[in-house]
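Q:
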Amino acid sequence: MKIKKNIFTMIWTTLSVVIFTLTQLSICQAEQVSEEPIANIPEVVEQKIVIRNITFVDPAKKKKSTTANLVITNKLFDLVTQDDIDVGHGDIIFDAQNGFILGSLESGKIANFLILDVDPHENIEALLDTKKHVLLAIHNGVIIRNNLRAESNISALAEQKRVKPKRTGWLSYTPPPIVLPSNYKDADWIKFDNDYFSTILIGALALDRQSWESQDKDSLAQVGDLQDFNGGEIRALRFGIAGAIKFDKPWIYMITGATNTFDKGFDTNTTDNVSFMDWRLDIPTIYNTTLSIGKQKEPISMERLMSMTFLPMQERALVSDALLPSRNFGAVLSGITLNQKLTWAGGVFNNWIEDEGSLSENSTELVGRTTWLPYLSEDENELIHLAFGLRYSNAKEGLRYASEPEFNKSTTFVDTGNIDADNSVTYNLEASWRKGPVWLIGEYTKSKVAADYLQNPELSGYHVSAVFSVTGEMREYNKRSGTFSPLRVARSVEQGGWGALEVSTRWSVFDGSDGGLAAGDTSILSVGFAWWLTPKFNVNFNYRWIDLDRCSFISEACNLQGRSSGFNTRLALFL
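What the sequence shown shows, in the numbering used here, is residues 27 to 601, in sequence order.
In structure tokens form, the structure reads like this:
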């Protein structure tokens, strides 16, 4: 019986391939003879075809089928996903009505397939009489037979806005630090899924090459010889797992780690080989809110919440690194309201689990952030984002504000030293305007330190950036977290495209001298260029001119105006 089954499988597979090939050839010949154009299909050189609700059947598991959406871009097979697909006014859109697909789907290759109205694995008649059962036929990326009705672009766009977004994907307020892939092809080794939970592997590697180009004598007196920091390093080596526990409302979990010396802002003074950056559980609660528990980012500042590897610049602005923490242990309750135009998040943090001492002996922080979209165009191409964040710390473990000058391979440029304070209050203001490929960003941060012996100093700073996607891609806005997504790659080099090119510039200022503190004042001008060859591979360059007003660490000289500049190259690879 097993031999007969294998023979039947071989015959069925061979018959499928032969019939599919002959069908395509016959349809091509028929269409070449016919002088009637295919209705509703405009003849354009560049186009995107979106086909919704296609049924995919695994021949090895005949009872297991999946419904998903398919995208063809410029005749090339581009994407299969169960996520909603953004459509534009120039796209061709079909509803496959749960039809069954037959053909080869290989990313970046010319699309060739049929969509049938019955499952060919269950009813072989569909292969013997494709003319009767074909819903859509695509040969060499071109529609050669169509029995589906094309959806109106206007109605599809309206429906896309009308339908309430599903609670799928990442539910927590802060997005994961490494991109979570939503589509896989021949990548079973990085994912696991069953009826109870799912798991995927996530990882990123960033390699830097630093070169300090100039330094005057005042800068040399302030911070020493910067040439000592020239060279390469592994800037980031991160890894972890993430997934869902499949309750009626799935719980999302994530555990990520990194080598200590390769990441700024988390446990850099420890001697362990590995630090766990995030270990967090996100639990959906009532009224469309989410409770996030564990080690995570505090909900303040878009620049802090977004992953460093997806920012327009290689490093965060100096004021963000100096005044705002990276991660902490606590609980955050977050939600979204006003038709997804207002988000809110609030949390309490105390790192007693990882630090020595009890809850009362460690610093406790109360942190909150709210974001608002005062303007969002109908097609969501243009928006204005505003946000306010507030952070209070009882400073039980003391305070210290210090940072490098937006280059990781550098000595510390500003440093308050240890501060014995009663408490601190930090304010953060955000504003962004995005229109298509253009994005303007600004943040202002101020920390008020309650320390009478230092005349209660106030430290502050701001940064303003202008970002432009040369290849025309637009950064999507995450309405749940009030942050922007990584730059999408419309057509990668694997698909014969140029990838995505983004240029940016940033002006950042930090005032670290007030009251009895003389940490140093800086102003930094940066220019950057990022080239995403694929969604998983990035090459980028940053150049910075740095002014530092600070006393010398070497002598008693003050009122020094040090100037320096440098260049850094980074390669980033994602799992």
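All C-beta atoms in this analysis are idealised placements derived from N, C-alpha and C, irrespective of residue type, glycine included.
Measuring only from the beta carbon, is residue 362 closer than 6 Å to any heavy atom that is part of the ligand GTP?
A: In the structure shown, the ligand GTP is absent, as is every other ligand, since no ligand is present at all.
Q: Once you ignore the five residues that flank residue 271 on each side, which residues in its own chain have a CB closer than 7 Å to its CB?
A: Within the sequence shown, numbered from 1, the residue matching residue 271 stands at position 245. So the list reads 223, 277, 279, once near-sequence residues are dropped.
Q: Please confirm whether residue 463 and residue 491 have their CB atoms less than 7 Å apart.
A: Residue 463 sits at position 437 when you count from the first residue of the sequence shown. Residue 491 sits at position 465 when you count from the first residue of the sequence shown. For residue 463 and residue 491, no; Cβs fall outside 7 Å.
Q: When we look at the beta-carbon of residue 9 and count the other beta-carbons within 10 Å, is it buried (16 or more) or exposed?
A: Past the edges of the chain, shown from 27 to 601, lies residue 9, and the structure says nothing about it.
Q: For residue 540 versus residue 429, is the C-beta spacing smaller than 7 Å?
A: Taking the first residue of the sequence shown as 1, we reach residue 540 at position 514. Taking the first residue of the sequence shown as 1, we reach residue 429 at position 403. Going by C-beta atoms, residue 540 is not nearer than 7 Å to residue 429.
Q: Helix, strand or coil for residue 329? Go by DSSP, reduced to three states.
A: In the sequence shown, residue 329 corresponds to position 303, counting from 1. Helix, per DSSP.
Q: Check for me: the alpha helix (DSSP H) holding residue 158 runs from which residue to which?
A: The count along the sequence shown starts at 1 and reaches residue 158 at position 132. Element bounds for residue 158: 156-159.
Q: Once the 5 residues before and after residue 448 are set aside, which same chain residues still bring their CB inside 6 Å of it?
A: Stepping through the sequence shown from its first residue, residue 448 is reached at position 422. The residues are 476.
Q: Check each candidate in 561, 358, 123 and name the one with the smallest Cα separation from residue 395.
A: Working through the sequence shown from its first residue, we reach residue 395 at position 369. Closest by alpha carbon: 358.
Q: Can you tell me which of the three DSSP states residue 203 falls into?
A: Translated into positions along the sequence shown, residue 203 becomes position 177. Reliability of the predicted coordinates at residue 203 is poor, the pLDDT of 44 falling under 50, and no value is obtained from them.
Q: Within this structure, are the beta carbons of residue 220 and residue 236 separated by less than 7 Å?
A: As a working note, residue 220 is residue 194 in the sequence shown. As a working note, residue 236 is residue 210 in the sequence shown. Cβ distance not < 7 Å, so residue 220 and residue 236 don't count as in contact.
Q: Hey, out of 379, 94, 352, whose CA is closest to residue 83's CA?
A: Here residue 83 is taken as the residue at index 57 of the sequence shown, counted from 1. Checking every option, the nearest Cα to that of residue 83 belongs to 94.
Q: Would you give the residue range spanned by the beta strand (DSSP E) that residue 451 belongs to?
A: Within the sequence shown, numbered from 1, the residue matching residue 451 stands at position 425. That run of the beta strand (DSSP E) goes 449-461.
Q: Give the C-beta separation of residue 465 and residue 497 to the nearest angstrom, bearing in mind that I take them to be a contact with Cβ-Cβ under 8 Å.
A: Residue 465 sits at position 439 when you count from the first residue of the sequence shown. Residue 497 sits at position 471 when you count from the first residue of the sequence shown. 14 Å between Cβ atoms; not a contact.
Q: Who are the near neighbours of residue 549 in its chain, counting only those whose CB is closer than 7 Å to its CB and skipping five residues on each side?
A: To locate residue 549, count along the sequence shown from 1; it is residue 523. Cβ within range, chain order: 535, 573.
Q: Starting from residue 347, trace the alpha helix (DSSP H) in both directions and tell me its first and last residue.
A: As a position in the sequence shown, residue 347 is number 321, starting the count at 1. Residues 344-349.
Q: Just checking my contact of residue 435 with residue 259 at CB under 8 Å: how many whole Å lie between their CB atoms?
A: For this step, residue 435 is matched to residue 409 along the sequence shown. For this step, residue 259 is matched to residue 233 along the sequence shown. Residue 435 to residue 259, Cβ: 6 Å. Contact.
Q: Would you check if the distance between the CB atom of residue 79 and the CB atom of residue 121 is smaller than 7 Å?
A: Position 53 of the sequence shown, counted from the first residue, corresponds to residue 79. Position 95 of the sequence shown, counted from the first residue, corresponds to residue 121. Yes, the Cβ-Cβ distance between residue 79 and residue 121 is below 7 Å.
Q: Mind checking which residues open and close the alpha helix (DSSP H) that includes residue 243?
A: Stepping through the sequence shown from its first residue, residue 243 is reached at position 217. Residues 243-249.
Q: Give me the Cα-Cα distance between residue 598 and residue 411, rounded to the nearest whole angstrom.
A: Taking the first residue of the sequence shown as 1, we reach residue 598 at position 572. Taking the first residue of the sequence shown as 1, we reach residue 411 at position 385. If I take the Cα positions, the gap works out to 28 Å.
Q: Counting only the same chain and skipping the five closest in sequence on each side, list residues whose C-beta sits under 6 Å from that of residue 371.
A: Indexing the sequence shown from 1 puts residue 371 at position 345. The answer, listed in chain order, is 199, 325, 358, 360, 395.
Q: Taking the alpha-carbon of residue 478 as reference, which of 468, 425, 542 has the nearest alpha-carbon?
A: Taking the sequence shown and counting its residues from 1, the one referred to as residue 478 is at position 452. Measuring from the Cα of residue 478, the nearest candidate turns out to be 542.
Q: Just list the beta strand (DSSP E) runs in the segment 553-578, keeping only unbroken ones of 3 residues or longer that don't cross its boundaries, in chain order.
A: The beta strand (DSSP E) runs lying completely inside the segment 553-578 and spanning 3 residues or more are 563-576, given in chain order.
Q: Taking the C-alpha atoms as reference points, what is the distance between residue 588 and residue 531?
A: Taking the sequence shown and counting its residues from 1, the one referred to as residue 588 is at position 562. Taking the sequence shown and counting its residues from 1, the one referred to as residue 531 is at position 505. So the two alpha carbons sit approximately 22 Å from each other.
Q: Label residue 232 either buried or exposed according to how many other C-beta atoms from any shown protein chain fall within 10 Å of its C-beta, with 16 as the threshold for buried.
A: Residue mapping note: residue 232 aligns to position 206 of the sequence shown, counting from 1. Flag for residue 232 reads buried.
Q: Would DSSP call residue 10 helix, strand or coil?
A: A question about residue 10 goes unanswered here, because the residues of the chain that appear run from 27 up to 601.
Q: Could you tell me if residue 251 is buried or exposed, where buried requires 16 or more neighbouring beta carbons within 10 angstroms of its beta carbon?
A: Counted from its first residue, the sequence shown places residue 251 at position 225. Flag for residue 251 reads exposed.
Q: Look up residue 427 in the DSSP assignment and say whether it is helix, strand or coil.
A: For the purposes of this step, residue 427 is identified with residue 401 of the sequence shown, where counting begins at 1. Residue state, collapsed to three classes: coil.
Q: Within its chain, find whatever has a CB closer than 6 Å to the CB of residue 398; leave out the 5 residues flanking it on each side and keep chain order.
A: On the sequence shown, residue 398 is found 372 positions in, with the first residue counted as 1. The residues are 368, 412.
Q: From which residue to which residue does the beta strand (DSSP E) around residue 305 run?
A: Taking the sequence shown and counting its residues from 1, the one referred to as residue 305 is at position 279. Element bounds for residue 305: 300-311.
Q: Suppose contacts are defined by Cβ-Cβ distances below 7 Å. Is residue 558 in contact with residue 519 by that definition?
A: Taking the first residue of the sequence shown as position 1, residue 558 is located at position 532. Taking the first residue of the sequence shown as position 1, residue 519 is located at position 493. In this structure, residue 519 does not lie closer than 7 Å to residue 558 by Cβ.
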